[in-house]
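Report on one structure; see the data block that follows.
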Amino acid sequence: MAKDIEISTSESKFLIEALRQGLRPDLRKFEEIRDVGITFGKDYGDVTVTMGKTKVHCRISCSIAQPYEDRPFEGLFYISTETSPMAGAQFENGNNTGEDEVLCSRIIEKAVRRSGALDVEGLCIVAGSKCWAVRADVHFLDCDGGFIDVSCIAVMCGLLHFRKPDVTVSGEQVTIHPVEEREPVPLGVLHIPICVTFSFFNPEDAEENIKGESNNEICLIDATLKEELLRDGTLTVTLNKNREVVQVSKAGGLPMDALTLMDCCHKAFKITEKLTDKITEVLKKDIESRNQHSAMLSSENARVS
Amino acid sequence: MLSAQTGILEQVDGSCKLQCGETTVICSVTGPIEPKARQELPAQLALEIVVRPCRGVPSTREKLLEDQVRGVITPVLARYLYPRQLAQVCFQILESGEPEENYSVKELSACINAAFVAIVDAGIGLKFSFASVPLSVLGEDEQICVDPSQTDLIKSSSTHVLALQLAAGGQKVENILLFESYGDFTEKSMLQVLQSGEKACVETALELRKVIQHKIQQDFVWR
Amino acid sequence: MDSLIIPGDNFHVEGRENVILGPGAYCDPKSQQFQPVNAGFEVVKESKKNVSVHVEYNSKRYVPAVGDLVVGLITGSYSDSYRVSLESFSTPVTLSYMAFPNASKKNRPTLKVGDLVYARVSKADKELEAEIECVDSTTGKDAGFGLLEGGTVVDVSLAYCRELAFNPDYALLPLLAKTAQFEVAIGINGKIWIKCDDVRHALACKKSIVDCQHYTPSEHKSIITKNFKKLLNSTD
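These protein sequence lines map, in sequence, to chains C, A and L. The numbering of the first sequence is UniProt numbering, which starts it at 1 and goes up by one. The numbering of the second sequence is UniProt numbering, which starts it at 1 and goes up by one. The numbering of the third sequence is UniProt numbering, which starts it at 1 and goes up by one.
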């Protein structure tokens, strides 16, 4: 196990005191997320997402594979979230057995793959023998908290941005058309799940909270690395724009009551709406800028159609 | 052709994002830090090098890249300044710029150049400058192409990577750190590759120097 | 006369004798040639007898050097010494129980794990674990070292930290002092301990110090004013 970041008692006391007075070290409000930046690369399905100083790169790729025997009509979809010391020396290369790493990859897996965000049936080419295998490689570049939230945005942006080569099937004969030959086709994305992570701090004694009488706990959205290191509990809610709760994940930490949970979901929905709009807007802009070039070259296409 | 930014990552000690034609890599350097017992070297700085591909899981190809980068940076680091310490050097390929199954020359050369800038950014002692270029030999008339594009690469009969150790402000070539060649080539074309590679390395070193100059000016902006 | 220098260049002291090498200069044990190993400004200082040369460069990770005043974090305690971290992931340093004022076998210091201390690096041999002390070893007095109670820590780059500590004309801290009252201890390891009576002031100071790293001195004043305005006007 790699070593952890060390924090002094003075600093943790200072942070708690600041939170008690309603202040965060970066002067954000408690329920304010950091600015999200989305940039696409030259290729389809290459996206870098930043949230404050946290930076995640996601790359979508695809290949032809054989579907699972028990699911002949479905394509394959993998998400790989491996950490490397690039994100910080606390991460070990090739060792993803740490609690946080496992939790992070499970939550993303559930939020995107198990929620059916990607239409895997659309990846089928020939039932039982050929299908697309779509792969999302998440690369953590810089860690300043909120890996789950940022990775989820990165994977979804990547999937929405990605284009797979077009195929034609005639009998058993499958032809893959190279990108130069025929315009590649987008993936079927059914909804955009957004993760919102809450961090809880308990400035008083932990005992009081279990009784549920005096709830002095502080709740933050989108904690930075320092805030994450000092928090007493965490909750991740995954939602989409259709007001559907995809998952609620709370692995230990401070106990919480049902009302707080409802309250958190409402707060998360506002953020989900904002982020979904942002993602669609950025994607639209990117597609427009790409079409500029093809508009110059596409007189031929116009005649065909 | 070549552009680079330093200090783009917050948590590590030094970082560099380098774009060279179609290839983009990020390099991060952390050190000198406390090594794990199995990494520790009694008299010098130990190196942990990680290369991560832009898609898929790391394979033998990345292991080879790691080894090649290690061979280049080990002799130029002032390793004896940091006994029993560790430096972590990580590379993340963002855009490969070449068909990954068959080629790795452009990634290798970009990694070496990015490593130089990132190590300087981290402030770990380096004894010399170094720079690298990918080359390819095209067709029957053995035309040499410096920094080949993806299409040049596929057409070429042989591909090469040259990394040179440079001194005296990046003008004087001191040593060959790495010279990897793949494919069919003659002795004559290899010597030609070395010759044009040398010129290109010196040019690349000048570009990298500008990047470092800019970094230093930014570092001391509060003066 | 500071000129830019990067590894692989030569120092502008060719043919001189009695050259004293400072940080960023390396003498090859085999060839006895010396050269820069870091990229930064070359600083050559002439004195009567000799000439000294060093590279003024910026970095994030601290390497201990004798005489530096540092802010450390106690991470463990042993039978006769504390283990102190000067930077996350770096090799920890030793703080002996005897390196305190009025130390004796019976009189043990009372620091706890997680406490911050202000100390001086007393031994820094690259082959051995570095040692720090909380006492002025020439007089045996406490000299302002020891436990830093409360407050918070600001992480900054090392060159900026040196400027704050060593350049008496550098206007940032005096500017801050005009708007807020604070106690400060500058650790050359890039950690600045700062303590105010009021959390808002402390946060504004902290943010101002971090922000000013990336701006020219002429902009410092407006950054400080902006940060204080933002914090003091925000309501509970």
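Quick reminder that beta carbons are idealized off the backbone N, C-alpha and C, glycines included.
For the region 15 to 28 of chain A, which residues have a CB atom closer than 7 Å to at least one CB atom of chain C, in sequence order? Those residues of the region 15 to 28 of chain A that come within reach of chain C (Cβ to Cβ, closer than 7 Å) are ILE26 and SER28.
Let me see if you follow: with CB-CB separation under 8 Å, is L:SER208 close to chain C or not? In the third sequence, residue 208 of chain L corresponds to position 208, counting from 1. Taking a beta-carbon distance threshold of 8 Å, L:SER208 does not count as an interface residue toward chain C.
Output, in chain order, the set of chain C residues within a Cβ distance shorter than 7 Å of A:ILE33. Mapped onto the second sequence, residue 33 of chain A falls at position 33. Here the neighbours are ALA89.
Could you list which residues in chain C have their beta carbon closer than 7 Å to that of A:THR159, in chain order? In the second sequence, the residue the question calls residue 159 of chain A occupies position 159. Residues of chain C passing the Cβ test: none, with the nearest at roughly 22 Å.
Start-to-end residues for the alpha helix (DSSP H) that takes in C:ARG20: Taking the first residue of the first sequence as 1, we reach residue 20 of chain C at position 20. 9 to 20 is the span of the alpha helix (DSSP H), which, as asked, contains C:ARG20.
At 4 residues or longer, and completely inside the UniProt domain "Exoribonuclease phosphorolytic" (2 to 124) of chain A: list those alpha helix (DSSP H) runs for me, N to C. Here the runs fully enclosed are 60 to 76 and 105 to 122.
Chain C contact for A:LEU94 (CB, 8 Å cutoff): Position 94 of the second sequence holds residue 94 of chain A. Judged by the 8 Å Cβ criterion, A:LEU94 is in contact with chain C.
For the region 128 to 153 of chain L, which residues have a CB atom closer than 9 Å to at least one CB atom of chain C, in sequence order? Of all residues in the region 128 to 153 of chain L, LEU148, GLU149, GLY150, GLY151, THR152 and VAL153 have a Cβ within less than 9 Å of some Cβ in chain C.
Mind checking the region 104 to 121 of chain L against chain C and listing, in chain order, the residues whose C-beta falls within less than 7 Å of any C-beta there? Of all residues in the region 104 to 121 of chain L, GLY114, ASP115 and LEU116 have a Cβ within less than 7 Å of some Cβ in chain C.
Environment of L:ALA177 [buried if 16+ CB atoms lie within 10 Å]: Translated into the one-based positions of the third sequence, residue 177 of chain L becomes position 177. It counts as exposed.
Got a sec: is the Cβ-Cβ distance from L:HIS214 to anything in chain A below 8 Å? Stepping through the third sequence from its first residue, residue 214 of chain L is reached at position 214. So yes, L:HIS214 belongs to the interface.
Contact list for C:ILE5 against chain L, beta-carbon separation under 7 Å: Here residue 5 of chain C refers to the residue found at position 5 when the first sequence is read from its first residue. Neighbours of C:ILE5 on chain L, chain order: SER88.
DSSP beta-bridge partners for C:ARG135? In the first sequence, residue 135 of chain C corresponds to position 135, counting from 1. Answer is C:SER61 and C:TYR78.
Taking the Cβ atom as the reference point for each residue, do A:ASP13 and L:SER59 lie within a distance shorter than 8 Å? Translated into the one-based positions of the second sequence, residue 13 of chain A becomes position 13. Translated into the one-based positions of the third sequence, residue 59 of chain L becomes position 59. Judged by their CB atoms, A:ASP13 and L:SER59 are nearer to each other than the 8 Å cut-off.
Go to L:PRO174, then tell me how far its alpha helix (DSSP H) extends in each direction, as first and last residue. If you number the third sequence from 1, residue 174 of chain L lands on position 174. Note, L:PRO174: alpha helix (DSSP H), 172 to 179.
Bridge partners - L:VAL44, DSSP secondary structure assignment: Stepping through the third sequence from its first residue, residue 44 of chain L is reached at position 44. DSSP, once it has assigned bridges, lists L:VAL53 as partnering L:VAL44.
With a cut-off of 8 Å on the beta carbons, I'd call C:ASN240 and C:PRO193 a contact; round off their distance for me. In the first sequence, residue 240 of chain C corresponds to position 240, counting from 1. In the first sequence, residue 193 of chain C corresponds to position 193, counting from 1. The Cβ separation is near 5 Å, so the contact holds.
Quick one: is A:LYS215 buried, meaning 16 or more other Cβ sit within 10 Å of its Cβ, or exposed? Numbered from its first residue, the second sequence carries residue 215 of chain A at position 215. The residue in question, A:LYS215, is buried, as its Cβ has 16 or more Cβ neighbours within 10 Å.
Which one of L:ALA103, L:TYR57, L:ASN189 and L:GLY8 has the shortest CA to CA distance from L:ALA119? Position 119 of the third sequence, counting from 1, holds the residue named residue 119 of chain L. Ranking the options by Cα distance to L:ALA119, first place goes to L:ASN189.
Coarse secondary structure for A:THR151, derived from DSSP in three states: Along the second sequence, one-based indexing puts residue 151 of chain A at 151. The answer is helix: DSSP assigns A:THR151 an H, G or I state.
For the beta strand (DSSP E) holding L:TYR26, just list the boundary residues, first then last. Along the third sequence, read from residue 1 onward, the residue named residue 26 of chain L stands at position 26. Note, L:TYR26: beta strand (DSSP E), 25 to 27.
Is L:LEU231 close to chain C? Criterion is C-beta to C-beta, closer than 8 Å. Locating residue 231 of chain L in the third sequence gives position 231, counting from the first residue. Closer than 8 Å: yes.
Kindly list, in the order they appear in chain L, the residues whose Cβ is closer than 8 Å to that of C:GLU17. For the purposes of this step, residue 17 of chain C is taken as the residue at position 17 of the first sequence. Those within 8 Å of C:GLU17 in chain L are VAL199.
Proximal residues of chain A, C-beta to C-beta of C:HIS57 below 9 Å: On the first sequence, residue 57 of chain C is found 57 positions in, with the first residue counted as 1. ILE26, CYS54, GLN92 and LEU94, listed in chain order.
Closer than 7 Å to a non-hydrogen atom of the ligand COA - does that hold for the CB of A:ILE212? The ligand COA is not among the ligands present in this structure, which contains no ligands whatsoever.
Continuous beta strand (DSSP E) assignments of at least 3 residues falling wholly in the region 107 to 152 of chain L: The qualifying runs are 116 to 123, 131 to 133 and 146 to 148.
My assumption, with CB atoms under 8 Å, is that L:GLU131 sits in contact with L:VAL93. Please give the rounded CB distance. If you number the third sequence from 1, residue 131 of chain L lands on position 131. If you number the third sequence from 1, residue 93 of chain L lands on position 93. Taking the Cβ atoms as the reference, L:GLU131 lies roughly 6 Å from L:VAL93, within the contact range of under 8 Å.
Looking at C-alpha atoms only, which residue of L:VAL44, L:ALA165 and L:CYS205 is the closest neighbour of L:GLY22? As a position in the third sequence, residue 22 of chain L is number 22, starting the count at 1. For L:GLY22, the closest alpha carbon among the candidates L:VAL44, L:ALA165 and L:CYS205 is that of L:VAL44.
Could you check where the beta strand (DSSP E) with L:LEU21 kicks off and where it finishes? Your numbering for residue 21 of chain L matches position 21 in the third sequence. Bounds of the beta strand (DSSP E) holding L:LEU21 are 19 to 21.
DSSP on L:TYR82, reduced to helix/strand/coil? As a first step, residue 82 of chain L must be located in the third sequence, where it is residue number 82. Of the three classes helix, strand and coil, the one that applies to L:TYR82 here is strand, per DSSP.
What did DSSP end up calling A:VAL221 once you bin it into helix, strand or coil? Along the second sequence, one-based indexing puts residue 221 of chain A at 221. Reduced to three states, the DSSP call for A:VAL221 is coil.
Would you call the region 173 to 184 of chain C in contact with the region 229 to 238 of chain C, where contact means no fewer than 3 C-beta pairs closer than 8 Å? Between the region 173 to 184 of chain C and the region 229 to 238 of chain C, the count of Cβ pairs shorter than 8 Å is below three; the stretches do not touch.
Residues that L:GLN35 bridges to, as DSSP identifies them: By 1-based counting over the third sequence, the position of residue 35 of chain L is 35. Partner(s): L:TYR26.
Which residue marks the beginning of the alpha helix (DSSP H) containing C:ILE176, and which one marks its end? To locate residue 176 of chain C, count along the first sequence from 1; it is residue 176. Run containing C:ILE176: none in the alpha helix (DSSP H); it sits in the beta strand (DSSP E), 173 to 176.
Proximal chain L residues relative to A:ALA167, where beta-carbon distance stays under 7 Å: Here residue 167 of chain A corresponds to residue number 167 of the second sequence, with the count starting at 1. Going along chain L in sequence order, the residues near A:ALA167 (Cβ under 7 Å) are GLY8.
On the criterion of 16 or more Cβ atoms from any shown chain inside 10 Å, does C:TYR68 qualify as buried, or is it exposed? By 1-based counting over the first sequence, the position of residue 68 of chain C is 68. Classification for C:TYR68: exposed.
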